[in-house]
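These notes concern the structure reproduced below.
Number of protein chains: 2
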Amino acid sequence: MVFHVEYPRILPERRPPGHEPAAPRFSLRWEQPVGLLVCAYFGLQGQNLAWDEQKAFFDRLEASFGTDGPVAHELMRASDETGAVNAILVAYWLDATTHARWERAAPFMAWFRDPARLEGPRGVWRETMHVPYDRHETIYSTPDYAIGLARTPGATRASITTNGYFGAMRDRMPVSAIDTLESPLGAVPPRRTPVSLGRRLKATFPLNLISIRSGQYWEGAGNEQTADYIDHLQPKLMRGMAHLASHPEETGTLTLRIMTNLDAEGRPRAETSVHGYFLSMAHLEEWSRSHETHLDIYRHAIAMNRLYKEKREVFTWHEVFALLPGAHAEYANCHGGTGLLPYFADA
Amino acid sequence: MVFHVEYPRILPERRPPGHEPAAPRFSLRWEQPVGLLVCAYFGLQGQNLAWDEQKAFFDRLEASFGTDGPVAHELMRASDETGAVNAILVAYWLDATTHARWERAAPFMAWFRDPARLEGPRGVWRETMHVPYDRHETIYSTPDYAIGLARTPGATRASITTNGYFGAMRDRMPVSAIDTLESPLGAVPPRRTPVSLGRRLKATFPLNLISIRSGQYWEGAGNEQTADYIDHLQPKLMRGMAHLASHPEETGTLTLRIMTNLDAEGRPRAETSVHGYFLSMAHLEEWSRSHETHLDIYRHAIAMNRLYKEKREVFTWHEVFALLPGAHAEYANCHGGTGLLPYFADA
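In order, the protein sequence lines correspond to chains A and B. When you line the first sequence up against the numbering used here, it's residues 1 to 347, in that order. When you line the second sequence up against the numbering used here, it's residues 1001 to 1347, in that order.
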């Protein structure tokens, strides 16, 4: 079987009547029913964070996975706007009870909670998302490369036609048939960077906050397509990200991490992803629909897909979650601009 | 249309093959799709809490409802084990965005958050549950009396056959087809009553915590059935509740509030309900299945249903939620035994 959730629609679909997508695209489906997805990001943060420190952090996490650990995970690195390096492990569970059991008992979590984490020049953070199935959507440019949620057991990629028009992201998320996914906040709240060094702060996700992880993979691509990616697509992508990061009120972009996947020795792979939180899906849609930085990325990606067709060696994908409210992010001894701290740190 | 969610079953149903229920029962359905239910309890707590204080609290809440307020609510009162009176308003929303907007803007919430709430002899508390549709179930002994969630717009009561056997509660909750709803905690954690007077404490729901509101209504019942209720069913019910409250480790009962519905002048109606949190559905099932205090209640209720059939004037019902994790309960200047504080107060 292929599991999926659909609602009787009370809100209009965005897909134009008779729409035929310009390029084939794929969405994740599982062979078994999936209730709650859990996605957790773990970070170690510091200036001049050497690989041996990053490795020790990753090793500690991986060593604590045991039987209740994630069913898929990846190692990544990102520099942030303060120049700090963040060693980041993203982990996925398809069973929330297993995740909760892990969180309670994992030696890593005892280390994470230890007051000793508030001392010295390093910070640690985590952001944990519980995502009901109907509040997630994915898109992949190929069924062949598994990354993110697609690496979890039972995941397959199904061909879709809800792509290639503005509003397709929303249409792909099952709950959008019955929920406008509006932010109760209306506008981005004032940015404040709390006093956070030496402290452990929690942050609360507001309802319908959007988490998007958007990825690029060109490992094994030939010279021609690699050159096109490096010379043309990546700069457009970076220009788009820079626009978002520098216009938080207008675009609803609360934080962006431009992450590079790492191999086991800490070397960058030909694979990146951007993890961002947006105030609402409408904010993200507005940028996609109308801003030249996104249109530039989009047009180039589509042109290359048309040019190379099934020989395309640069793959792109994303996974999007519309979050439920609650305190699920924790920052210990991190700088005040980390993650959601500037907007949603608990009083 | 009648909306409902069903999953392809990967866990066995508890219903015995060929089961025919002994008595007709009903479950809530809505005429429109419902994604997230929100149920919030608000309390004012104090020794010798007079009606004028209770009324001022209720009035303040109701005056703040406005356009984003709940679509159904009730006024109740409960005494707790310290002898404190709790004036309780339970409120229901069918739209989580509306609820979140209300929570942000309501004058009541500004009053609730005011540091002045930490002074004087009164406490205030709230417990807010976001319940995906697939994590709720209801049962009513009659389709005729609307209470709790059944008072929300579009609610109807559908005749069911998932009743009258042990495990029926679980079978009625859609997610139980794909999730065992196990508690990641395994056992009830040690009870601690935190220093809480003069402080504002939050508490975190663990995954799969069960919230049950179980109600009794005999307003307008004739002398015979009223006498039977008062003399026979209510004492059995109270004996069952006393057993649960005094055996938290064994039964998973973390807190119980025996509440009486009030009319607009604060007089008790012939209507009560018990709101409890249980560590897991398995705990609640075990009591229902095997303990003589529950069998006593159950047998008497069924016997009276059989005796009076459609002339039965005492109605019973419950609504059950299997909760998602997160910090969603807040206690300001309340005693340390209030609600979830003894088990799940945030450090």
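Glycine included, C-beta positions come from ideal geometry on N, C-alpha and C.
At a CB-CB cut-off below 9 Å, which residues of chain B make contact with residue i?
i, result
"A/Glu182", "Thr1097, Arg1101"
"A/His130", "Leu1207, Leu1324, Pro1325, Gly1326"
What are the start and end residues of the alpha helix (DSSP H) that includes residue i?
i, result
"B/Arg1306", "1292-1308"
"A/Asn223", "223-228"
"B/Thr971", "What the structure shows of chain B is the stretch from 1001 to 1347, and residue 971 of chain B is not part of that stretch, so it cannot be assessed."
"B/Gln1234", "1234-1246"
"A/Ala168", "168-172"
"B/Pro1342", "1341-1344"
"B/Arg1014", "Neither: B/Arg1014 is in no alpha helix (DSSP H) and is coded neither H nor E."
"B/Arg1126", "Where B/Arg1126 is concerned, there is no enclosing alpha helix (DSSP H), although the beta strand (DSSP E) it sits in stretches over 1123-1132."
Grab the span of the beta strand (DSSP E) containing residue i for me, first residue to last.
i, result
"A/Glu271", "268-278"
"B/Tyr1217", "1210-1217"
"A/Lys202", "200-205"
"B/Leu1044", "1036-1046"
"A/Ala332", "326-332"
"A/Arg191", "It is not in any beta strand (DSSP E) - A/Arg191 carries neither H nor E in the DSSP assignment."
"A/Phe3", "Run containing A/Phe3: none; DSSP gives neither H nor E here."
"A/Ala322", "315-322"
"A/Leu89", "85-93"
"A/Arg29", "25-30"
"B/Arg1257", "1253-1262"
"A/Leu75", "72-79"
"A/Arg157", "155-160"
Check the Cβ of residue i against every Cβ in chain A and list those closer than 9 Å, keeping chain order.
i, result
"B/Asn1208", "Ala96, Thr97, Ala100"
Near residue i, which residues of its chain fall below 7 Å by C-beta distance, leaving aside the five closest residues on each side in sequence?
i, result
"B/Met1109", "Glu1103"
"B/Arg1289", "Phe1166"
"A/His294", "Gly240, Trp287, Ser288"
"B/Ala1106", "Ser1064"
"B/Pro1206", "Ser1183, Pro1184, Leu1185, Pro1325, Phe1344"
"A/Pro33", "Phe3"
"A/Thr162", "Arg15, Ala168, Asp171, Arg172"
My understanding is that residue i touches residue j, with C-beta atoms under 8 Å, so please give their C-beta distance in whole angstroms.
i, j, result
"A/Gly123", "A/His335", "7 Å"
"B/Arg1025", "B/Ile1230", "Going by Cβ atoms, the distance from B/Arg1025 to B/Ile1230 rounds to 24 Å, so no, they are not a contact pair."
"B/Glu1285", "B/Met1173", "Incorrect: roughly 12 Å between the Cβ atoms, too far for contact."
"B/Ala1091", "B/Pro1070", "4 Å"
"A/Arg77", "A/Leu244", "Actually they are not in contact, since the Cβ atoms of A/Arg77 and A/Leu244 sit about 20 Å apart, beyond 8 Å."
"A/Gly339", "A/Glu81", "With a Cβ gap of about 12 Å, A/Gly339 and A/Glu81 do not count as contacting."
"B/Tyr1140", "B/Arg1157", "6 Å"
"A/Ala327", "A/Thr193", "So it is not a contact: roughly 19 Å between Cβ atoms."
Using a cut-off of 7 Å between C-beta atoms, extract the partners of residue i located in chain B.
i, result
"A/Val175", "Gly1035"
"A/Asp179", "Gly1035"
Output needed for residue i: all residues of its chain with C-beta closer than 6 Å, excluding positions within five of it in sequence on either side, in chain order.
i, result
"A/Val131", "Leu37, Phe321"
"B/Glu1330", "Arg1126, Lys1202"
"A/Ile10", "Ile178"
"B/Leu1049", "Val1085"
"A/Gln47", "Ala84"
"A/Glu357", "Lying before the first or after the last residue shown, residue 357 of chain A is absent from chain A, which here runs from 1 to 347."
"B/Arg1312", "Asn1305"
"B/Gly1164", "Pro1021, Ala1022"
"B/Val1314", "Trp1218, Ala1221, Gln1225, Tyr1229"
Just to make sure I have the definition right: I need the residues of chain A whose C-beta is within less than 7 Å of the C-beta of residue i. Which are they?
i, result
"B/Gly1326", "Gly326, Ala327, His328"
Spatial neighbours of residue i within its chain, please: C-beta separation below 8 Å, excluding the five flanking residues on both sides.
i, result
"B/Arg1191", "Pro1248, Pro1342, Tyr1343"
"A/Asp296", "Lys236, Arg239, Gly240"
"B/Leu1149", "Leu1028, Leu1037, Cys1039, Ala1072, Tyr1092, His1136, Thr1138, Ala1155, Glu1319"
"B/Thr1180", "Leu1011"
"A/Phe58", "Leu75, Ala87, Leu89"
Below 8 Å on C-beta distance, what does residue i contact in chain B?
i, result
"A/Pro8", "Met1001, Phe1003, Pro1033"
"A/Arg104", "Pro1184, Leu1185"
* Asked: Counting Cβ pairs, one atom from each stretch, are 3 or more of them under 8 Å apart for the region 269-286 of chain A and the region 249-257 of chain A?
  -> yes
* Cβ contact check for the region 215-225 of chain A and the region 1014-1022 of chain B: 3 or more pairs under 8 Å -> no
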